[in-house]
Amino acid sequence: MRFILCFFLVFSTFSNSQNNYPQDYFRSPLEIPLILSGNFGELRSNHFHSGLDIKTQQREGLKAVACADGFVSRIKIAHFGYGKALYITHPNGYTTVYGHLQSFSPEIEAYIKKQQYEKESYEIELFPSAETLPVTKGSLVAYTGNTGGSGGPHLHFEIRNKEEHPINPMLFGIDIKDNSKPIVSSIYAYALDENATVNKLSSKQKLRLIPLKSGDYTTESIEAYGNIGFGIETTDRQDLAANSNGVYNMQTFLNGNQNFEVDFSEFSFDESSCINQYIDYEHYINSRQRIQKLFKKNNPLSLLKPTLNDGILTIKDSTSSVYKIRVSDFKNNETFVTINIKGKKPTNFNPKPGKTTPYYITANQSTNLKLGNVSVDFYPDTFYENFYIDFDVNNDTLNLHKDVVPTRKNFTIKYDISNYKDADKDKLYIARLVGYKKYPVYSSTQRDGNILSTSTKTLGTYALATDTVKPTISAINFKDGQWLSNYRFLKVKIDDAISGISNYRATVSGKWILMEYDYKTDTLTYDFNDGIVTDTKNDFKLIVTDNVGNSTTFEATFFRK
Numbered sequence: 001m002r003f004i005l006c007f008f009l010v011f012s013t014f015s016n017s018q019n020n021y022p023q024d025y026f027r028s029p030l031e032i033p034l035i036l037s038g039n040f041g042e043l044r045s046n047h048f049h050s051g052l053d054i055k056t057q058q059r060e061g062l063k064a065v066a067c068a069d070g071f072v073s074r075i076k077i078a079h080f081g082y083g084k085a086l087y088i089t090h091p092n093g094y095t096t097v098y099g100h101l102q103s104f105s106p107e108i109e110a111y112i113k114k115q116q117y118e119k120e121s122y123e124i125e126l127f128p129s130a131e132t133l134p135v136t137k138g139s140l141v142a143y144t145g146n147t148g149g150s151g152g153p154h155l156h157f158e159i160r161n162k163e164e165h166p167i168n169p170m171l172f173g174i175d176i177k178d179n180s181k182p183i184v185s186s187i188y189a190y191a192l193d194e195n196a197t198v199n200k201l202s203s204k205q206k207l208r209l210i211p212l213k214s215g216d217y218t219t220e221s222i223e224a225y226g227n228i229g230f231g232i233e234t235t236d237r238q239d240l241a242a243n244s245n246g247v248y249n250m251q252t253f254l255n256g257n258q259n260f261e262v263d264f265s266e267f268s269f270d271e272s273s274c275i276n277q278y279i280d281y282e283h284y285i286n287s288r289q290r291i292q293k294l295f296k297k298n299n300p301l302s303l304l305k306p307t308l309n310d311g312i313l314t315i316k317d318s319t320s321s322v323y324k325i326r327v328s329d330f331k332n333n334e335t336f337v338t339i340n341i342k343g344k345k346p347t348n349f350n351p352k353p354g355k356t357t358p359y360y361i362t363a364n365q366s367t368n369l370k371l372g373n374v375s376v377d378f379y380p381d382t383f384y385e386n387f388y389i390d391f392d393v394n395n396d397t398l399n400l401h402k403d404v405v406p407t408r409k410n411f412t413i414k415y416d417i418s419n420y421k422d423a424d425k426d427k428l429y430i431a432r433l434v435g436y437k438k439y440p441v442y443s444s445t446q447r448d449g450n451i452l453s454t455s456t457k458t459l460g461t462y463a464l465a466t467d468t469v470k471p472t473i474s475a476i477n478f479k480d481g482q483w484l485s486n487y488r489f490l491k492v493k494i495d496d497a498i499s500g501i502s503n504y505r506a507t508v509s510g511k512w513i514l515m516e517y518d519y520k521t522d523t524l525t526y527d528f529n530d531g532i533v534t535d536t537k538n539d540f541k542l543i544v545t546d547n548v549g550n551s552t553t554f555e556a557t558f559f560r561k
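As structure tokens, then:
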């Protein structure tokens, strides 16, 4: 009875907290039924998802409309990330965000292209005044697309507050049908200090999950001692879509008393990378499965609500406890997991000593590691916890631990290249070696005299690499000397297999033209509707440069009436 009363009070508070936002102010950003491929707060690589990914019927070009009166306050066009993105600020202080767009309404499109041609840049960021591009509720603002880091046609939609914190759009009445309970796929138990055990072991234990007819779960009973915690793999599925998305809220209870909560309502972008401390990061790197830890250790993430002992359970000898996990989606469909814990101190337990190395990281201090021609600078609070780090340099290969420790901020790797010939220095870059075959991947590299440096958040293996190969350029839909009178687009494929494309510049008869770059297809596209090409005979010139400065020039002549 005590557990039921405590749960009812917590649940009532949780339900009422959803009603602090205007419910009828924002309309849907699309004119089709809303079906999600991704929801707010779900777990992504190195970040929490900051909006709703709305399916667009597997096609581009659907109308996106203003959700309320306001004005276009920001426009950002980038090769990666959100691609073409539009930000609308509303009188009530919130901002709606539309990402991965194909194009914009005619008025907005004309404003952007004027700026792009003035700056001679496809990538651009603009902050129009409130009077420049006003919009009304329901008016056309853009067309949906697949630009930037999108994996398929959809609209990425956000609502942000005045602090630029993304907030779950469903809190504002954006309705998504969902009648399914969250799914729990695995439960893990952790011994959290050297004297703690779970089933007489100090290592992480996967528990046998037992489905119940009610749709809830229990697990095998466990024996435990000392400070322990639990982790969960769980997803939710909305109606009309098969996508496995994130859950909305998780609460845990020990003997009827709440001791932890994760609430996916709002977060800040500054803390989003803390996801790697929130999940079992080493497990994710090794298996690509995300275990959400139901306890807090050295993590400032605001999604983790203040609770009893940060979700850590102290299990004493000769005790019996009941641990419950409540997982719910936004529509309050809920799933429970029950774990019976018997406190038992193991006899003859010898904790396994942790690994040590000559190099120790104290998380709140700076650390410099140097060997041969390589140095690494870690700044205070680069890491969440103290640990022994592997550090070794063999010729030009740096072995910097394994990528199993999450980072909070970037650190710097430097190479002294004084021993290289001057003719070779310009073609050197720092690469991260990935995969079984240690394939070199370009890490953004700066040069200052004889010092190459890169700033990164990823541990692992690094090396100096050389790129002497120029980018490749090939025409897709035209040939030299061809008439293109009936063509709307000019398409070119560009590629660089080693260090990657850094920049490009295209002109027609000496005039700069706007070519949109889609890195997913290695395609540059020019739209003749821009009106720049007006002559019959036109000389097209494209210069593409890679990340170490190798460049290729492509030239062709075409004709138009």
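Heads up: the sequence shown is residues 1 to 561, going by the UniProt record's numbering.
Just so you know, even glycine gets a beta-carbon here, dropped at the ideal spot from N, CA and C.
Assuming residue i and residue j make a contact with CB atoms under 8 Å, what is their CB distance in whole Å?
i      : j      : result
Lys181 : Asn399 : Not a contact, Cβ separation roughly 46 Å.
Ser265 : Leu171 : 6 Å
Arg560 : Asn538 : 7 Å
Asp329 : Asp263 : That pair is no contact at about 13 Å.
Asn161 : Tyr94  : 6 Å
In the structure shown, what three-state DSSP assignment does residue i receive?
i      : result
Phe349 : coil
His47  : strand
Asp426 : coil
Gln482 : strand
Ser15  : Because Ser15 carries a pLDDT of 44, less than 50, the predicted location of this residue cannot be relied on, and the following value inherits that uncertainty. Reduced to three states, the DSSP call for Ser15 is helix.
Leu265 : In the sequence as displayed, the identity of residue 265 is Ser instead of Leu. Here Ser265 sits in coil by DSSP.
Tyr442 : strand
His283 : helix
Leu313 : strand
Pro169 : helix
Tyr379 : coil
Glu233 : strand
Gln277 : helix
Ser272 : helix
Asn529 : helix
Glu334 : strand
Glu118 : helix
Leu192 : coil
Leu308 : helix
Asn245 : strand
Asp403 : coil
Arg560 : coil
Asp390 : coil
Gly149 : coil
Tyr143 : strand
Asn257 : strand
Arg432 : strand
Ala130 : coil
Val327 : strand
Ile35  : coil
Checking the sheet assignment: what are the DSSP bridge partners for residue i?
i      : result
Ser320 : Lys342
Thr507 : Trp512, Lys541
Glu109 : According to DSSP, Glu109 bridges with nothing at all.
Thr456 : Phe411
Ser551 : Thr545
Gln289 : In the DSSP output, where bridge partners are listed per residue, Gln289 has none listed.
Ile210 : Thr218
Thr523 : Lys493, Asp518
Lys370 : Ser375
Glu223 : Lys342
Arg160 : Thr95, Pro166
Tyr462 : Leu398, Arg432
Taking a contact to mean a Cβ-Cβ separation below 8 Å, would you say residue i touches residue j in this structure?
i      : j      : result
Asp233 : Arg326 : One detail in the question is off: residue 233 reads as Glu in this sequence, not Asp. No. Outside cutoff.
Lys342 : Glu220 : no
Leu254 : Leu313 : yes
Lys511 : Ile532 : yes
Val97  : Glu158 : yes
Gly231 : Tyr278 : no
Val404 : Phe383 : no
Val65  : Gly138 : yes
Gly70  : Thr56  : no
Asp381 : Lys427 : no
Tyr217 : Val247 : no
Lys352 : Val337 : no
Ile413 : Thr456 : yes
Pro471 : Asn550 : yes
Less than 8 Å between CB atoms is the rule here; does residue i satisfy it with respect to chain B?
i      : result
Ile124 : In the structure shown, chain B does not exist; there is a single protein chain.
Can you list, in chain order, the stretches of the beta strand (DSSP E) that have 3 or more residues and sit fully within the UniProt domain "M23ase beta-sheet core" (48 to 116)? As far as the UniProt domain "M23ase beta-sheet core" (48 to 116) is concerned, its whole beta strand (DSSP E) runs of at least 3 residues are 52 to 55, 63 to 65, 70 to 77, 84 to 89, 95 to 99, 101 to 104.
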